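Participant: Each residue of the sequence shown is one higher than the last, beginning at 1 in the UniProt record's numbering.
By construction, the Cβ of each residue, glycine as well, lies at the ideal position given by its N, Cα and C atoms.
Note that the structure is predicted; figures quoted are calculated from it, not measured.
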Amino acid sequence: PMAGDVARMRELLALSLRAPEPQRSAAENDLQQLQKAPIAAPFLAALLDMCVAVPNAEGTPRNLAQLASEDADVRLLAVLWLKHFLKAQWRARKATNLLSDEERAHVRGVLLFASLHEPQQTVALHLALIVATIARAEFPTQWSFDTLFPMMIQPLRRLNGVVDLSRERRGVDVCYRVVKELAARRLMQHRKQFAILSVELLPLLLQYWTATATQLNSFLQSQGVAADQTNNEKTATIATALMTTGAEQLNVLVTTTKIISTMLLNAFRDLSALQNGELMRSALVEFYNQLEKLVKFRQAFVGDAGAADVEEAIQTLDKCMHRIAAIVVGVQNSYPMEFREYLPPYLTLFWNVLTAFASVNMTVLPSPRRLQIDALQFFANVLSCRLYKNESLSGPDGTTRVITKVITATGDVALTDAMVLEAQTAVQTFFTQTENRFASMLNLVVMHYMTLTAKDLDEWQSDPEAYCTLMESLTAKESVRACAENVFLTLVQNFPDQTIPALTQITSSASSYLVELGRGLISAGDDRHILEMDAVLLAIGLGCYDLHDCFEFEPWFLTNLVPILVNQDPAVGSFHGLPVLRFRIVWLVSCWLAQLSANVRPPLYDSLLNPSASFHQADADVALKLRVIQTLESMVNDWGFEHDAFAPFLPRALECLFAFFPQADESESKMKVLGCLEAIIQACGAQIVSFCHQISAPLPALWTNESDASNLVRGKILQLMAKLLSSVKEAPSVETGSVQTLLDMCVQVVRFATDVSNPDEVFLMESGLELWNETLEVSTVYTEELHQLFGNALRLMERDYEHVVLVLSLLEHYLRLGKAQFWQAYHSNVSGLLQSVIGNVKAEASLQIAQVTEIIVATVPIDQVTVFLPVVKTMVEACISFQQGEAKHEPDSVLAGYLSVVARLMMINLDFTLKNLLVNDHAVLLVLVDAMLKLFYTVGSSPLTLLRRKVWALALCSTLMLMEQPLLEKTGQILEICVEVIEDEQEEQRLKQAAAANSDEDGARSGVYRAFQAHHRNQQQAPNEEDAPVLALDLKGFVCERLNDIAAKLGSGAFDQLLQTVDSSVLRKFRS
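Okay, structure coming up:
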């Protein structure tokens, strides 16, 4: 039956590759179903026979002829199917993995054998991945070292000098996949196992690596020796060699380097103890020797290169150099102290890499980019390494013998001053002995590695928008320039005394060129100096923090850069038609804003937005327009922004932004436009309101513009409209027509964004709810549209409570704006909603529930509150469980909110409260009074505002009128609370008068300060209508009246006795 199964399997695989629909989908489904079948030994054996090399008794493949006859694509697909099948089922329980231990061992052996004897490269890769997956699960317990590794590394021993490169390559490939997978296990026991494994394998791997590298280097040298060849013939010979024998050697070398790299970076401490550290030392020396030879060869070869098609071979060579260099960079970065004795040779080597490939004319072959990144990264790491700095010395002069322990990411390091000084000396000697290499390095990095390359310019030319996005997201791992920027900053920050003079010198020599360029004395267009100037300006911008104290930016900017920026001839500062320098100058402005004084800003706004026509022309450079938009946003967000200076340019700015939006293809660019608009609205505050129409009119067109990222853009538009509405709130007087149009738009987009049945709501819901809240705050009329819209909020809360905080603040606005009309229509929904939410949400939402309920109690006529009492009863229960000392209760601040609801109800109508809420249970009333007396002093002033404290005082006073002994005994405490509230009211009054006296002084201040002011005013706004009578009530007079009523009811003797229980200082307050 198994042969039949495999035949069926082969048929399914062939169908899923080449059959027409619907047979193809059916075959794919059947294969999917088979993935879920349990692993059985006979089926697995038959499948392996069909698709991989299986050993015979002598240990050689027995089915190579049959494999050759199989369809290559079907066989590859079978191996892929097997990979997924084993990945899912191998570690499964006995129910689905029916193999015995012997059978498992047999399958492992066959798979390992197959991966080492597979003729086809892609199949071999997937077999190696299967072996690695199983090894991860079973090494070293079920699959021991002796059965896993010897078979792979046998060919690497080269017994009797036999070299079989293809077998070696398979061995190295499988070894790499397994080692990489085992290194990814991070438990402590697994790390120890990996260290033992590395100690076992590394000596042989290093020996093999050295042999292969030496062989490759001598082979490369020998190819170029024949003296009678012309340069082109030489190049052709080397190219051919690299494509054939050299390629095989290179591939093996690259993979072996990766294995060694994985071992060193994961088990360095254990490996450096081998042979008293000799192994590690010889390895680092060997890396140095081989890398140096390869670099020399690569450098000479680039010089010789003719027209031969050698790019691919050279790329492999570069990859190999990168892999070796990456080990060194990684070890220095992770183990800087152990590496200190190798600093001198490697500093020299990487310096040579940087200088060698800087001077070459790169038109022929691309430079070894990744090797350059490694070299730059090495310098950045060494120059910024904390352990090489004075701060790591235990004494000021570095002469102590103390051993300090430093914690690093790769374990603890025992440091002595001698070690730190040794590292410091190595760095200092290298950088200062022959010349001031700090200055040379700065020059090299800025003038060569930070310039725009031909590839950058091509990308800019072909797609400026994508180029902008890419430039902002590049990291030092993938970009030589980004890495060079890191080195530049490291130099300037860590060695300012040596490097800032060099930078000043570069700047001054650039200045004379820039002045001539601005005056039009240099023929514009294709002068390569433009690219160098761009790099110098990039350096000045990056170093703005470090140069702040020693560089007067503004006068330099006005003299050297402004003439180029305002020059009418677009060719000035351009290179191949790209506005390279204008782009960089506009960027530079955003770096140095802090040093630009107020009077420079208006002309700067003018030149950034001039000519505004270029924003309307689709063919004007998009990258420059985007840069202008970003710089404008920085200027508007800056602390020094002044609205009056910007006001004349505001209409032009808005016009340019809206003109550019439809030209942008990338969603990032659209977001930048909207971000800049939002910043302008935020900064101009109330003054923006007169432009309300100009801003809101184009928004519907932007909203309907369909694109991949339309939801991102729509979310941003929602935020923009919310910002605009909050500015409307700030404004003293508003033109009602344009605001009404804006509000109608808001209601439409909110309906779309908060509709649960809309598939895009997941992106828009939160911004939609925030805009909805703002809309209700600004609206003065409760329209039918707003009334119907509330259904969206109810449907959302039926689904989940994720946005409960925003929905509760909506409910609050609805109660205030919709009043009776809203309550009549929605009272049962609101009651049900609060009933379901209370007790199931966090404190923030619970506080809001209390606030909403308090508004309902205060604004709805008392006869209609009855439907709502279940919610208040839940609150009473929460307070009782707190007062009875139950371990699990709501936080104090929430309970204070709940008690405020009850107090408000008691203040409005005590009889109703007793009868309907507390069902005439006076014991419960006593518990609530005790809770209020306790929490009044322990809860802070944000949940317990002055208004709420006054409501509590009034409610507590009203309980005394019940004339019940247990309550009358609390008179002293209740009167103390009343005195507290009276004193608080007087204090509040005094503060308000002081604030009013100060408010006239703050006239024209910047946007950020104004936002703070507005927030302050919000907190002091007029009280709500239901609270006004409470705040206006004279509490002292009220309490005196109540005391007189009690005296009348008790009679003078009993009343005097009652007053004996009250503190005399409290009584004095009421008598005065």
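State buried or exposed for H548, treating a residue as buried only when at least 16 other CB atoms are found within 10 Å of its CB.
Facilitator: Exposed: under 16 other Cβ atoms inside 10 Å.
Participant: Would DSSP call V413 helix, strand or coil?
Facilitator: Correct three-state label for V413: strand.
Participant: Along the chain, which unbroken stretches of the beta strand (DSSP E) at least 3 residues long are found entirely within the region 735 to 818?
Facilitator: Complete beta strand (DSSP E) runs here, min 3: none at all.
Participant: Buried or exposed: W639, going by 16 or more other Cβ atoms within 10 Å of its Cβ?
Facilitator: Exposed is the call here.
Participant: How close, in whole Å, do the beta carbons of I153 and L206 come, if the pair is a contact with beta carbons under 8 Å?
Facilitator: Actually they do not touch by this definition, with Cβ atoms about 12 Å apart.
Participant: Just curious, the alpha helix (DSSP H) that residue 1085 is in, first and last residue?
Facilitator: A query on residue 1085 cannot be resolved here, the shown segment of the chain reaching from 1 to 1072 and no further.
Participant: For my contact list, N669 and E465 are in at a C-beta cut-off of 8 Å; report their separation, rounded to the angstrom.
Facilitator: Contrary to the premise, residue 669 reads as Ser rather than Asn in this sequence. Between E465 and S669 the Cβ distance is about 5 Å, and since that is below 8 Å, they are a contact.
Participant: Taking C-alpha atoms, which residue in G972, A1028, G1051 and P140 lies nearest to R1068?
Facilitator: Ranking G972, A1028, G1051 and P140 by Cα distance to R1068 puts G972 first.
Participant: Among A484, V536 and L521, which one has its Cα closest to the Cα of T507?
Facilitator: Considering only alpha carbons, the answer is V536.
Participant: Let's see if you can read the secondary structure: which residues bound the alpha helix (DSSP H) around V54?
Facilitator: Segment: none, V54 is in no alpha helix (DSSP H) and carries neither H nor E.
Participant: I need the boundaries of the beta strand (DSSP E) containing I407, first residue and last residue.
Facilitator: Unbroken beta strand (DSSP E) run through I407: T404 to T408.
Participant: Less than 8 Å separating the beta-carbons of N116 and V174?
Facilitator: Looking at the sequence itself, residue 116 is Leu, so the reference to Asn does not match. Going by C-beta atoms, L116 is nearer than 8 Å to V174.
Participant: Does DSSP put F575 in a helix, in a strand, or in coil?
Facilitator: Looking at F575 - three-state DSSP - the assignment turns out to be strand.
Participant: Extract the residue ranges of the alpha helix (DSSP H) inside the region 118 to 155, only unbroken runs of 4 or more that lie entirely within it.
Facilitator: Those alpha helix (DSSP H) runs which fall completely within the region 118 to 155 and span 4+ residues are 121 to 138 and 145 to 153.
Participant: Buried or exposed: which applies to V79, given that a residue is buried once 16 or more other Cβ atoms fall within 10 Å of its Cβ?
Facilitator: Buried, by the Cβ-count rule.
Participant: How many Å lie between E594 and N266 at the Cα?
Facilitator: Strictly speaking, residue 594 in this sequence is Ala, with Glu absent from that position. The straight-line gap from Cα to Cα measures roughly 46 Å.
Participant: Could you compute how far the alpha carbon of K795 sits from the alpha carbon of Y801?
Facilitator: First, the residue type needs correcting, since residue 795 is Arg and not Lys in the sequence shown. Roughly 11 Å separates the two Cα atoms.
Participant: Give me the Cα-Cα distance between A571 and A623, rounded to the nearest whole angstrom.
Facilitator: When rounded, the distance between both Cα atoms is 16 Å.
Participant: Suppose contacts are defined by Cβ-Cβ distances below 8 Å. Is T122 in contact with L86 by that definition?
Facilitator: Contact flag unset, no.
Participant: Going by beta carbon distance, what residues of the same chain come within less than 6 Å of L242, once the five residues before and after it are set aside?
Facilitator: Only A313 meet the Cβ criterion.
Participant: Compute the Euclidean distance between the alpha carbons of S1065 and R1071, then round it to the nearest angstrom.
Facilitator: Taking the straight line from one Cα to the other gives about 10 Å.
Participant: Which same chain residues end up closer than 6 Å to A502 when comparing Cβ atoms and leaving out the 5 residues on each side of it in sequence?
Facilitator: Within the same chain, A502 has close Cβ partners A439 and L442.
Participant: Just to confirm my understanding: we take Q193, look at its own chain, exclude 5 residues before and 5 after, and list those with CB closer than 7 Å. What are they?
Facilitator: Closer than 7 Å at the Cβ level, and outside the excluded window around Q193, lie P140.
Participant: In its own chain, which residues sit with a C-beta less than 7 Å from the C-beta of M447, not counting the 5 before and 5 after it?
Facilitator: These residues qualify, in order along the chain: E532 and A535.
Participant: Considering only residues of the same chain and omitting the five flanking positions on each side of K1036, which have a CB-CB separation below 6 Å?
Facilitator: Taken in chain order, the residues that qualify are I982.
Participant: Would residue 1079 pass as a contact of S696 if the rule is Cβ separation under 8 Å?
Facilitator: Coverage of the chain is limited to positions 1 through 1072, which leaves residue 1079 absent and any answer about it impossible.
Participant: Keeping to the same chain, check which residues put their C-beta closer than 7 Å to that of L517; ignore five residues upstream and five downstream.
Facilitator: Answer for L517: I564, V572 and G573, listed in chain order.
Participant: Pull up the DSSP beta-bridge partners for P61, would you.
Facilitator: Paired residues: P55.
Participant: Pick from C51, E844, V837 and I856: whose alpha carbon is nearest that of K819?
Facilitator: Nearest of C51, E844, V837 and I856 to K819, Cα basis: I856.
Participant: Do I403 and A414 have their C-beta atoms closer together than 8 Å?
Facilitator: Closer than 8 Å, so yes.
Participant: Taking the C-alpha atoms as reference points, what is the distance between L383 and V420?
Facilitator: Cα to Cα, L383 sits roughly 13 Å from V420.
Participant: Quick check: A858 and E1026, are their CB atoms within less than 8 Å of each other?
Facilitator: Cβ distance < 8 Å, so A858 and E1026 count as in contact.
Participant: For a quick check, are the C-beta atoms of residue 1131 and L769 less than 8 Å apart?
Facilitator: This structure cannot speak to residue 1131, because the chain is shown only from 1 to 1072.
Participant: What residues in its chain sit with their C-beta under 7 Å from that of E777, if we drop five residues either side in the sequence?
Facilitator: Within the same chain, E777 has close Cβ partners K729 and H813.
Participant: Can you tell me whether DSSP reads S942 as helix, strand or coil?
Facilitator: Residue state, collapsed to three classes: coil.
Participant: Distance, Cα to Cα, C1040 vs I1046?
Facilitator: Answer to the nearest angstrom: the Cα atoms are 10 Å apart.
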